[in-house]
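Chains as they are written, first to last, in the working numbering: chain E, 353 to 722; chain A, 4 to 469.
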């Protein structure tokens, strides 16, 4: 294997692949990046056996071949290289030289045969989708996944695919984000998949918004690919909880709130909120929303913002972190906050959203008395 | 079984791990915690309702089938939502709050709120004997066809002999057949309190709706209604509403309806409308059966020998509750001492309940100078043998027959306990005493000479003893 590649191209490829390489692993070869040179270019791949990323970049290939090189060192070297073409050549099965201008390295790698094969995926029965649609679905929902190990099924994002509809749902049991987008994807496009958010992050990172992505299904895998890149992931197995049944349909009170002022009030209150619960009390009164925080050992805080609200006054407690996270992803400057009682789920919706589709976030209140 | 629930669960999981795919195991069974082991029922807590339903439908059967392999005995696994997650400050989308009923069950049917029944009070665990035959058969009939023949069912009897058990057992049986039944179990005291609270909170309307739209109402200790006129009035109307709707009502009290003071006549007659059944103190054999059943329920059958059960049944006559208390105390005592359960240990552990068994004192004497010793000498005289022979090891016919006669008299005149009699006659086993008594009773009926000598011995006893 011998090829010459532009430093920027090498850097770009490694930045895309490196996040898929595990920081710690029991299988030494996984700490390496697989480098494959062919007449089409050079392909760099990394995996932790759950998520695999692979990108192809143009290069001047003199001699096709493949080997694996340590991801961390290769990345650090590349970052420090002068802006000049980089020449990489294999020395036998597990060593390579890297030359750039007057800089020279010899790196120890591992033979290509030791690198695990990727799970087979069938693209013929798959479907296509515009990358920007996926980007939006992912960015508005994936933040809500659970990181707790006690409920592994909630560690994934539910992706429901229908011929004309894409829906992503994520929740940690306390708050939930759901987004729907309409898109024409053909009759093959059906299925429910629980995707690790890490894989979705890679999708967002690897595929530019304007690309069209092909999606293929494997036995327990899902793969995304464009002509030059691919991301494949193991799916989380099992049924997802019935999220539809927890979305409140009878929330009869609502307030229209200015998002930036809500965010800044919540951030102020969060300073004195409890580190454990982050509890802030919201008191809805006619045209006025009052915030109160009382944290023993810390202190108290109060704030008010004007809102459009006409119902009975109601006190309701929330984890300010959850509210702030949701507000960060709300696409409009005005949000509609709906609720029924202090013990039922509240929803946050974009108000007058120009975007296509549907977006709703749920958040469960905090009890006001311990 | 003395394994902790956690231990039982980890053994079961160890076995299940081999049967279930790794990721499934990690997702559904690893984030669980054993909570309680009650009989052969293991309760396991999971983080939310969804996992509880899923585990119940997908893994409960497998786990139950693995139990004999993993534990050497059957065990049923039941999944519940972790109580702590219900009480957390942060409410959860998939965990119903503790107060409201579990909304949104998978099949969309909202089951009626469960009454607070003790899971142990089932018909299977109820030991039927002579003293509670009538009440039990009435209860069975009610369980078969609630609201039909015996409505209301009124059970009365002294404290601690199984009224509440029987009443709840009926509710268990009815609910097992039809979980949608709306049932309520409460004490008369609680009924009063709730009524008072509804008056205070101006929610009498809710109160009425709650009680008048039931399918099954169980009221414990109705005698506590005495003197509470407004509550009685409310209860009267509740009763009528349910009765007219053909709903089953079951009540218990410590005395028959007509003898409860301070209860209005119109209520008393209503209580007597259906079936009034009493439960009496269990007799000796019944007590043995209850003790056996209790020991069996707690998987103690290997550790309590029969003669200890007899000893307890002999001495503890006041209530079933006390019988159960004895078993629990005995086991605790034995495990504390790390000794096997024996008669001696039982006597020591239960000395507050079992009086010393020396002949001539306690149950062995009646205050008129009559004791096992005097009986022994009288019988010895009548048969012409020495009193010492009666307590000897000898089993020759000459000695055995008068010994049996003396045992019979000790039993009949002194009402002495079997174990005491056995001890007084040379440390014989209580079962030997039972046999001797049977033999002597038979001889008295069949053998003219035996009967005459027995009469002679009775005449020898201190005056007035017979």
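Yeah, the Cβ is synthetic: ideal placement off N, Cα and C, and Gly gets one too.
Residue range of the alpha helix (DSSP H) that includes residue i
| i | result |
| --- | --- |
| residue 341(A) | Note, residue 341(A): premise wrong, no alpha helix (DSSP H); not H, not E. |
| residue 239(A) | 232 to 247 |
| residue 475(E) | Premise fails: residue 475(E) lies in the beta strand (DSSP E), 474 to 482, not in any alpha helix (DSSP H). |
| residue 422(E) | No alpha helix (DSSP H) holds residue 422(E); the beta strand (DSSP E) holding it covers 417 to 422. |
| residue 58(A) | 52 to 61 |
| residue 447(A) | 433 to 449 |
| residue 287(A) | 287 to 300 |
| residue 304(E) | As displayed, chain E neither begins before 353 nor continues past 722, which places residue 304(E) out of reach and without an answer. |
Chain A residues whose Cβ lies nearer than 8 Å to that of residue i
| i | result |
| --- | --- |
| residue 716(E) | 93, 94, 95, 96 |
| residue 502(E) | 34, 50 |
| residue 629(E) | 92, 93 |
| residue 550(E) | Result: empty, since nearest Cβ-Cβ is about 16 Å, beyond 8 Å. |
| residue 671(E) | 93 |
| residue 556(E) | Neighbours of residue 556(E) on chain A: none; closest Cβ ~25 Å, over 8 Å. |
| residue 316(E) | It is not possible to answer for residue 316(E), since the shown part of chain E is limited to 353 through 722. |
Cβ-Cβ distance between residue i and residue j below 8 Å
| i | j | result |
| --- | --- | --- |
| residue 215(A) | residue 255(A) | no |
| residue 6(A) | residue 66(A) | no |
| residue 669(E) | residue 718(E) | yes |
| residue 709(E) | residue 562(E) | no |
| residue 673(E) | residue 630(E) | yes |
| residue 643(E) | residue 632(E) | yes |
| residue 535(E) | residue 518(E) | yes |
| residue 278(A) | residue 141(A) | yes |
| residue 177(A) | residue 220(A) | no |
| residue 558(E) | residue 659(E) | no |
| residue 467(E) | residue 598(E) | no |
| residue 481(E) | residue 423(E) | no |
| residue 419(A) | residue 393(A) | no |
| residue 210(A) | residue 238(A) | no |
| residue 419(E) | residue 446(E) | yes |
| residue 154(A) | residue 246(A) | yes |
| residue 223(A) | residue 185(A) | no |
| residue 314(A) | residue 344(A) | no |
| residue 702(E) | residue 721(E) | no |
Limits of the beta strand (DSSP E) - the one that residue i falls within
| i | result |
| --- | --- |
| residue 280(A) | 278 to 282 |
| residue 573(E) | 573 to 577 |
| residue 713(E) | 710 to 715 |
| residue 595(E) | No beta strand (DSSP E) contains residue 595(E), which DSSP labels as neither H nor E. |
| residue 452(E) | 447 to 452 |
| residue 384(E) | 384 to 390 |
Contact set between residue i and chain A, taken where Cβ atoms lie within less than 9 Å
| i | result |
| --- | --- |
| residue 591(E) | 53, 57 |
| residue 642(E) | Correct list: empty, because the minimum Cβ distance to chain A is about 21 Å. |
| residue 295(E) | Because residue 295(E) is not part of the residues shown, which for chain E are 353 to 722, the question remains open. |
| residue 354(E) | Within chain A, no residue comes near residue 354(E); the closest Cβ sits about 42 Å away, beyond 9 Å. |
From the options, residue whose alpha carbon lies closest to that of residue i
| i | options | result |
| --- | --- | --- |
| residue 162(A) | 258(A), 179(A), 248(A) | 258(A) |
| residue 684(E) | 665(E), 704(E), 690(E), 698(E) | 704(E) |
| residue 319(A) | 354(A), 298(A), 409(A) | 354(A) |
| residue 146(A) | 134(A), 126(A), 164(A), 131(A) | 126(A) |
| residue 415(A) | 374(A), 380(A), 224(A) | 374(A) |
| residue 680(E) | 567(E), 544(E), 614(E), 660(E) | 614(E) |
| residue 432(E) | 453(E), 566(E), 444(E), 499(E) | 453(E) |
| residue 234(A) | 190(A), 399(A), 332(A), 95(A) | 190(A) |
| residue 436(E) | 647(E), 368(E), 388(E), 360(E) | 360(E) |
| residue 280(A) | 349(A), 400(A), 158(A) | 158(A) |
| residue 378(E) | 401(E), 596(E), 504(E) | 401(E) |
| residue 329(A) | 342(A), 351(A), 340(A), 341(A) | 351(A) |
| residue 543(E) | 491(E), 568(E), 560(E) | 568(E) |
| residue 570(E) | 477(E), 368(E), 656(E) | 477(E) |
| residue 589(E) | 609(E), 604(E), 602(E), 545(E) | 545(E) |
| residue 678(E) | 527(E), 450(E), 488(E) | 527(E) |
| residue 134(A) | 57(A), 290(A), 60(A), 31(A) | 290(A) |
Proximal chain E residues relative to residue i, where beta-carbon distance stays under 9 Å
| i | result |
| --- | --- |
| residue 27(A) | 589, 590 |
Contacts of residue i in chain A (Cβ-Cβ under 7 Å)
| i | result |
| --- | --- |
| residue 724(E) | Nothing can be reported for residue 724(E), as the shown portion of chain E is limited to 353 through 722. |
Amino acids of chain E, ordered along the chain, whose beta-carbon sits closer than 8 Å to that of residue i
| i | result |
| --- | --- |
| residue 30(A) | 504, 505, 588, 589, 590 |
*asked:* Residues of the region 691 to 703 of chain E in Cβ contact with chain A at a cutoff of 7 Å, in chain order, please.
replied: For the region 691 to 703 of chain E, the set of positions with a beta-carbon nearer than 7 Å to some beta-carbon of chain A reads 695, 697 in chain order.
message = Using a Cβ-Cβ cutoff of 7 Å, what residues of the region 361 to 373 of chain E are near chain A? List them in chain order.
response = none
For the region 519 to 533 of chain E, which residues have a CB atom closer than 7 Å to at least one CB atom of chain A, in sequence order? Listed by position along the chain: 523, 525, 526, 528.
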